Each structure stands twice: as structure tokens, then as C-alpha cells.
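Data first, discussion second: the structure below is written as C-alpha cells.
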Amino acid sequence: MYILGMESSCDETSAAVVEMTEDGGRRICSNIVASQIETHRLYGGVVPEIASRAHIEAVSGIAYEALQTAGITLRDLGLVAVTSHPGLIGALLVGVNFAKSLAFANGIPLVGVNHVKGHVAAAYLSHTELKPPFLAVVVSGGHTSIYRVNDYNDFLEIGATRDDAAGEAFDKIGRVIGLPYPAGAAMDKLACEGRAGSVALPSPALTGDTLDFSFSGIKTAALNYINGLNQKGEEIPRADLAASYTERIVSAVAAKAAKALAETGLTKLVLAGGVAANSHLRRALAATCEKQGATLFTPPISLCGDNAAMIAAAGYYEYLDGNLSDTSLNASACD
Ligand code: KG4
Ligand code: ZN
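Those letters in the sequence shown? Residues 16 to 350, per this note's numbering, in order.
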């Protein structure tokens with residue numbers, strides 16, 4: 016079955032065609048991503064109103080390009096899958112309304128997809144043999160959660176951040192030390208040049224018998240460190256700070272992933288979301304999995320960030336479970 020995926024929850028307008036078959040076939044036929052990053056960079060972060068307008072301008076052209084690149088027409092589609100939640104409400108509404116109109120005007124079934132489930136589904140496309148149950152660690156600009164994925168549509172959240180997300184923590188401190196938005200990838204590079212542990216920072220892993228995180232403390236500690244040096248007129252050791260900050264975040268995620276593997280007895284771990292592109296995190300989780308006798312499944316960097324192929328893949332499993340949507344499908348900012 017050919018599925019058209021649509022994604023517009025934040026600052027990427029994306030459309031993709033994915034072919035999924037009952038015997039386990041999973042193939043990306045096209046995956047077009049129009050990023051608005053350059054537009055938002057001017058403001059140091061995503062401006063929701065600008066994002067919505069840019070999605071409106073891009074959405075039909077991107078959908079057309081996805082079909083063309085895949086070499087199919089609307090008549091070949093068996094399903095339209097669209098991110099319906101969570102995300103920026105104005106941005107989501109563009110994708111949802113476009114998908115609804117397209118599906119109902121052409122008599123194609125429609126499903127609304129949870130964006131976080133979409134990130135996890137990216138691993139189905141890169142690792143075609145992957146099947147639940149597994150543990151999923153989703154780290155993105157808006158989420159940091161650990162799930163026990165019992166089945167394709169059965170997610171149990173067993174750990175989560177109590178405040179900010181890991182990606183937001185990277186972006187915020189990166190911005191303060193002068194890196195362009197979104198700072199995650201630049202922080203990753205800069206961290207390679209510094210000495211981890213040279214700047215004392217608290218761990219985002221909450222202590223005690225919990226799989227939860229809190230990133231507000233490490234953010235505040237890094238800000239205080241930067242402000243202190245600025246007040247004294249001293250130079251900020253940017254690479255050392257990036258390395259120490261990254262090491263604290265990465266080891267917290269790895270420690271909670273190790274605890275979750277031990278507690279659940281699961282032997283497969285999916286690392287997904289925009290921050291899953293982080294080279295230090297990928298290495299750390301590979302080491303954690305090796306130590307615990309588990310297998311790590313992490314999508315290639317091209318499928319870690321927001322894209323519509325992952326939404327199409329997640330939509331297929333919603334469709335198989337009969338979770339179809341109708342014209343009443345609405346967008347929601349919340350999970
Ligand atoms: O999943 P995503 O594209 O959007 C959300 O659903 O939030 O994630 C975007 C986040 C941004 O915070 C970005 O800075 C971060 O992923 N990111 C990274 C890296 N590449 C992207 N963070 C750390 N290291 C990276 N290499
Ligand atoms: Zn995302």
C-alpha cells in the first residue's frame with residue numbers, strides 16, 4: 016500500500032510516500048522536507064505565526080513533489096497519514112486541513128498520527144526487521160521520554176522529562192554562546208573539541224527509583240556559569256562548556272536507558288527524535304546496549320529530524336488497527 020505522509024508540527028513542512036506491505040515490506044519512495052530554519056534563525060527560535068504561514072505556502076507544492084518523486088498519482092494512494100498532535104497548533108492545523116481535504120476529495124482513508132510515535136516509526140523504515148516489543152528513547156526539541164513499546168500502537172511512558180526537553184536544553188545554551196538556531200548540531204561538533212567534565216554541572220537524571228529527567232537545573236547552572244564569567248570579563252571556554260554539558264545530558268539519558276532495559280528485561284532499544292542525531296549520544300547508547308546485551312536501533316540522521324516518511328510508517332499501523340479518522344479530525348497542541 017502506498018501511503019502519503021504529511022508533517023507540519025513545527026518548522027518543517029514535509030510530505031512523503033512510503034510503501035508498506037502486509038508481509039513486512041517497508042520502503043521510502045520519497046521524503047521531501049522543506050525546512051523553515053533560515054526564516055526562524057533571525058529570531059533565535061521558532062515564531063509560531065511565521066511557521067503557520069510558511070506551511071500554508073509550502074504544503075501543496077511539497078505534497079505534489081512527494082507524489083512526483085515517488086512516480087505515483089493520487090489514485091495509487093491507499094492512505095493519507097498526517098501529524099495531528101502534539102506540536103504548534105497553527106502549524107499542525109495546516110497539515111491536518113490539507114490532508115483532510117485531499118483524503119476526502121479523493122476518497123482515500125485518513126489517519127491522524129501522534130508525532131512522537133512517528134519518531135519511533137522512523138526506525139521501522141531504517142531497520143525493516145524491527146518489531147515490538149522494544150524500549151524507545153525519544154529525544155527531540157519538544158520531548159524526552161522513555162516508552163515501553165508493547166505493540167505498534169501500544170506505548171507505555173515509563174520515564175519523561177518533568178520540564179524542558181533535551182533538544183531545547185541544547186538549543187538554549189547553544190544560543191547563549193552564540194551558535195545559530197537550532198544549536199543542537201553545532202553543540203555536537205563543538206563538544207568534540209572540548210574537555211568533558213571541565214565545567215561542573217548537575218545531572219539531568221533525577222535521583223531515586225525513577226526514569227524521569229529534569230533539564231531546567233543544568234540549563235540554569237550553565238547560564239549562571241556563563242553570566243559569572245561575563246561579569247568578570249573573562250572569556251567563556253565554549254568547547255569545554257559544550258563538552259561538559261553534552262556529557263552530562265548524554266550520560267543521564269544513557270543511565271536511564273540502562274535502568275529501563277534492566278527493569279523491563281527488553282533486549283531491543285530504539286533511539287529516535289532530532290537529538291538522536293547527536294554523535295555522543297549515539298555512541299553512549301551503543302555502549303550501553305552492548306554492555307546490557309541489547310541491540311540498538313537508531314535511524315540514520317536523515318530520519319531523526321522531523322520528516323513525513325516516519326508519519327506515513329506510523330500511520331500504517333494505526334490503519335491496521337482500524338484507527339481511521341474522518342472529517343472531524345482536529346489538531347491538538349498536547350500529547
Ligand atoms: O525531532 P525534531 O526535529 O523536532 C521536534 O520534534 O522537536 O528535533 C529538533 C531538535 C532541536 O532541538 C535540535 O537542536 C536537535 O533536535 N538536534 C540535535 C542534533 N541535531 C538536531 N541535538 C543534539 N545534537 C545533534 N546533533
Ligand atoms: Zn519531532
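Positions of the beta carbon are idealized from the N, C-alpha and C atoms, including for glycine. Note that the structure is predicted; figures quoted are calculated from it, not measured.
Item	Value
Cut-off 7 Å between Cβ atoms - residues of its own chain near Thr54, not counting five sequence neighbours on either side	Ile65 and Ala69
Distance, Glu172 Cα to Ile47 Cα	30 Å
Separation of Glu22 from Ile71, as counted between CA atoms	12 Å
Chain-order list of residues whose beta-carbon lies under 6 Å from that of Val153 (same chain, five-residue window excluded)	Val131, His134, Ser160, Ala287 and Gly288
Check: Gly288 C-beta below 7 Å from any heavy atom of the ligand ZN	yes
Where His158 sits in the DSSP three-state scheme	coil
DSSP-derived helix/strand/coil call for Leu226	coil
At least three beta-carbon pairs within less than 8 Å, the stretch 82 to 99 to the stretch 331 to 346	yes
Given Ala324 as reference, the closest of Val33, Ile316, Ser155 and Met16 once Cα atoms are compared	Val33
Sequence-ordered residues whose beta carbon comes within less than 5 Å of a heavy atom of the ligand ZN	Ser155 and Asp321
Integer-rounded CB distance, given that Cys304 should sit under 8 Å from Leu311	4 Å
8 Å CB neighbourhood of Ala299 in its chain, flanking five on each side removed	Val265, Ser266, Val268 and Ala269
Nearest-angstrom beta carbon gap, Asp178 and Phe230 [assumed within contact, 8 Å]	6 Å
With 16 other Cβ atoms within 10 Å as the buried cut-off, status of Leu318	buried
Reference Gly3, options Glu278, Thr176 and Lys271, closest by Cα	Any question about residue 3 goes unanswered here, given that the chain covers just 16 to 350.
First and last residue of the uninterrupted beta strand (DSSP E) at Gly127	Leu125 to Asn129
Exposure label - Thr36; buried when at least 16 CB within 10 Å	exposed
Start-to-end residues for the beta strand (DSSP E) that takes in Tyr17	Tyr17 to Glu22
Cβ neighbour criterion (16 or more within 10 Å) applied to Tyr58	exposed
Between the CA atoms of Pro252 and Phe185 - distance to the nearest angstrom	16 Å
Which listed residue (Ser24, Arg163, Ala49 and Gly122) has its alpha carbon closest to that of Asp341	Gly122
First and last residue of the uninterrupted beta strand (DSSP E) at Arg42	Arg41 to Ser50
Cβ-based burial, Thr143 [other Cβ within 10 Å; buried from 16]	exposed
Residue span of the alpha helix (DSSP H) that contains Leu296, given as start and end	Ser294 to Gln307
Distance between Cys44 and Phe228 (C-alpha atoms, nearest Å)	37 Å
Asp186 CB to nearest heavy atom of the ligand KG4 below 7 Å	yes
Sequence-distant residues of its chain with Cβ nearer than 7 Å to Thr279 (five each side left out)	Leu150 and Arg163
Candidates Asn242, Val128, Ile52 and Ser116: closest to Leu339 by CA position	Val128
Bridge partner(s) assigned by DSSP for Lys283	Thr310
Arg263 versus Leu256: straight-line alpha-carbon distance, rounded	11 Å
Cutoff 8 Å: Ala257 Cβ touching any chain D Cβ	In the displayed structure, chain D is absent; only one protein chain is listed.
Straight-line Cα distance separating Lys271 from Gly174	8 Å
Contacting residues, own chain, Cβ-Cβ under 6 Å from Ser218 (five flanking each side not counted)	Arg263 and Ala267
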